[in-house]
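Colleague: Our numbering puts the last residue of the sequence shown at 341; the count rises by one with no breaks.
Shown below is the structure under consideration.
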Amino acid sequence: MKKIILLLSLSAFSLSTLFGQIELDRSDFSYAPATFQMAEDTNAILPADFALGGPNKTWDFSTLANHGSFEARFLTPSAANGGTQYDSCNVVIQSDSRYDDYEYINAQDFIFKFLGQSEDTMGGELSRSTMMKFPLNYGDGWNDSNTAVLVYPGSDFNIPFDSIKIEVYVSIDNVVDAWGKLKLAIGESDVLRLKSTVFVDYSASVYNGIIGWTPIQQDQVSTDEYRFFSKKCGYNLAQVSEDQNGALVEYRSASLLSSKTPEMNTPQVYPNPVNNGTLWVDVQEPINLKVYSIDGKLIREMNYTNIGQQAVSTGELTPGTYYVQFTNRLGMQSNTKIIVQ
């Protein structure tokens, strides 16, 4: 019997009523810090044609159970999460708050470059050197591959050999194989589906001075992963993983809460500079607003309860780039970037 785990982001995203092909760019993904509430369905049933790609598809995840909740986080690099070990790391992604696993990213306007992972001991995840490219359209794709050869003293594994050698070859083929509409309990959204086929060839050998190297294990595993993205989603809305035999399928889905996204007035959204010392916020529901410096330091925090346009003074901010984070009463967050001149 197939086991399926489904996680969907509670993150506020565009619930467009249009059904059309989209293009993703850097502004559709969050800046640190940002938090996305997640849930998982461990008994979901995939349709028989789920793996088929193509245009104008519909994926209905609107009736999922909630078998567990956690957070996915975009974090500012720090010593605590290990991000400061990479000079070019500007975003740390913790995809599951239940585990101290972190992905270290150099997020640029045209690419999310993968620098490393906290739990990477075999070199496998280092092969995902490109996490995301921008702009991203239907039919776009890229691939990465990497080989890691690691040799350890046999005493590290409490085995009667001088050494143990572990070799890992990983290749990842990425392609935007489908576009269409994703239906969630919190609404519907036009999405691109990114399919990643991950192939891992793992082998282990032991060594002693008499017989030399002797193979003791070799495994090959192929896994297909599917991630769904929409405009202004901040993070993937859903992620589906399955192995080559279909014996274990994991995929991700949001819980059943709903929320309206606090939005910025278009004239003040990055990259338009704030010239007059005032940032106008279109408040649609009570929100908490935080202004961060580009290195993640909290500069200001304000709460807004009145509905309508509210003025935020930027006169005390020195010229530069800042991140503005909005959080509503349900904990849903959206982020934008402003330039103060």
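Note that CB positions come from ideal geometry on N, CA and C, so glycine has one too.
Please list, in chain order, all residues of the same chain as residue 209 whose beta carbon is under 8 Å from its beta carbon, the five residues on each side excluded.
Modeller: Taken in chain order, the residues that qualify are 162.
Colleague: Counting along the chain, where does the beta strand (DSSP E) carrying residue 222 start and finish?
Modeller: Residue 222 -> beta strand (DSSP E) spans 212-229.
Colleague: Does the segment 66-76 come within contact of the segment 90-104, defined as at least 3 CB pairs closer than 8 Å?
Modeller: Touching, yes.
Colleague: Taking DSSP as the reference, what is the three-state secondary structure of residue 155?
Modeller: Helix.
Colleague: Three-state secondary structure (DSSP) at residue 35?
Modeller: Reduced to three states, the DSSP call for residue 35 is strand.
Colleague: Within the same chain, show all residues whose beta-carbon is closer than 7 Å to that of residue 192, passing over the 5 residues directly before and after it, in chain order.
Modeller: The answer, listed in chain order, is 22, 24, 136, 138, 176, 179 and 229.
Colleague: Around the C-beta of residue 83, are 16 or more other C-beta atoms found within 10 angstroms, so that it is buried, or is it exposed?
Modeller: By the 10 Å Cβ count, residue 83 comes out buried.
Colleague: Taking the alpha-carbon positions, what's the residue 215 to residue 166 distance?
Modeller: So the alpha carbons of these two residues sit roughly 10 Å apart.
Colleague: Would you tell me roughly how many angstroms separate the C-alpha atoms of residue 218 and residue 169, rounded to the nearest one?
Modeller: Spanning the two alpha carbons is a distance of roughly 11 Å.
Colleague: Answer yes or no: do residue 28 and residue 232 have a C-beta to C-beta separation smaller than 8 Å?
Modeller: In this structure, residue 232 lies closer than 8 Å to residue 28 by Cβ.
Colleague: Once DSSP output is grouped into helix, strand and coil, what is the label at residue 338?
Modeller: Strand.
Colleague: When DSSP labels each residue in this structure, what does residue 28 get in the three-state scheme?
Modeller: The answer is helix: DSSP assigns residue 28 an H, G or I state.
Colleague: Let me see if you follow: with CB-CB separation under 8 Å, is residue 156 close to chain C or not?
Modeller: The structure shown contains no chain C; it holds only a single protein chain.
Colleague: How would you call residue 297, buried or exposed, if buried means at least 16 neighbouring beta carbons within 10 angstroms?
Modeller: Its Cβ having fewer than 16 others within 10 Å, residue 297 is exposed.
Colleague: Tell me which same chain residues have a C-beta within less than 6 Å of the C-beta of residue 159, skipping the five on either side of it?
Modeller: No residues qualify anywhere along the chain.
Colleague: Distance, Cα to Cα, residue 38 vs residue 310?
Modeller: Rounded to whole angstroms, residue 38 to residue 310 spans 31 Å at the Cα level.
Colleague: To the nearest angstrom, how far is the alpha carbon of residue 324 from that of residue 63?
Modeller: Looking at the two C-alpha atoms, the distance is approximately 33 Å.
Colleague: Out of 319, 291, 61 and 41, which one is the CA nearest neighbour of residue 186?
Modeller: Closest option to residue 186, Cα to Cα, is 61.
Colleague: CA-CA distance, residue 204 and residue 164?
Modeller: Approximately 7 Å, taken between the alpha carbons.
Colleague: Any idea if residue 234 is buried or exposed, counting beta-carbon neighbours within 10 angstroms, 16 or more meaning buried?
Modeller: Residue 234 should be labelled buried.
Colleague: Can you tell me which of 173, 157, 151 and 118 puts its alpha carbon nearest to the alpha carbon of residue 132?
Modeller: Of the listed residues, the one whose Cα sits closest to residue 132 is 173.
Colleague: Could you please give the first and the last residue of the uninterrupted beta strand (DSSP E) stretch that includes residue 85?
Modeller: Where residue 85 is concerned, there is no enclosing beta strand (DSSP E), given that its DSSP letter is neither H nor E.
Colleague: Helix, strand or coil: how does DSSP classify residue 256 here?
Modeller: Reliability fails at residue 256, whose pLDDT of 27 lies under 50, so the model's placement of it is uncertain and the value that follows must be treated cautiously. Three-state result, residue 256: coil.
Colleague: For the beta strand (DSSP E) that residue 130 lies in, which residues bound it at each end?
Modeller: It spans 130-133 - the beta strand (DSSP E) in which residue 130 sits, taken as one unbroken run.
Colleague: DSSP has residue 117 in a bridge; who is on the other side?
Modeller: 103, per the DSSP bridge assignment.
Colleague: Does residue 64 come out as helix, strand or coil in the three-state DSSP assignment?
Modeller: Three-state DSSP puts residue 64 in coil, outside helix and strand.
Colleague: Does DSSP put residue 44 in a helix, in a strand, or in coil?
Modeller: In the structure shown, residue 44 sits in coil (DSSP, three-state: anything other than H, G, I, E or B).
Colleague: Could you spell out the range, first to last residue, of the beta strand (DSSP E) harbouring residue 204?
Modeller: Run containing residue 204: 187-208, per the beta strand (DSSP E) assignment.
Colleague: Please return the same chain residues whose Cβ sits closer than 6 Å to the Cβ of residue 103, not counting the five positions on each side in sequence.
Modeller: Correct list, in chain order: 93 and 117.
Colleague: Along the beta strand (DSSP E) that carries residue 303, what are the first and last residues, could you check?
Modeller: Here the beta strand (DSSP E) through residue 303 covers 298-304.
Colleague: How many Å lie between residue 289 and residue 115 at the Cα?
Modeller: Going by the C-alpha atoms only, they are around 31 Å apart.
Colleague: Give a yes or no on whether the C-beta atoms belonging to residue 78 and residue 106 are separated by under 8 Å.
Modeller: Cβ distance not < 8 Å, so residue 78 and residue 106 don't count as in contact.
Colleague: Taking the Cβ atom as the reference point for each residue, do residue 223 and residue 198 lie within a distance shorter than 8 Å?
Modeller: In contact: residue 223 and residue 198 (Cβ atoms closer than 8 Å).
Colleague: Output yes or no for whether 8 Å exceeds the beta carbon distance between residue 294 and residue 317.
Modeller: Contact flag unset, no.
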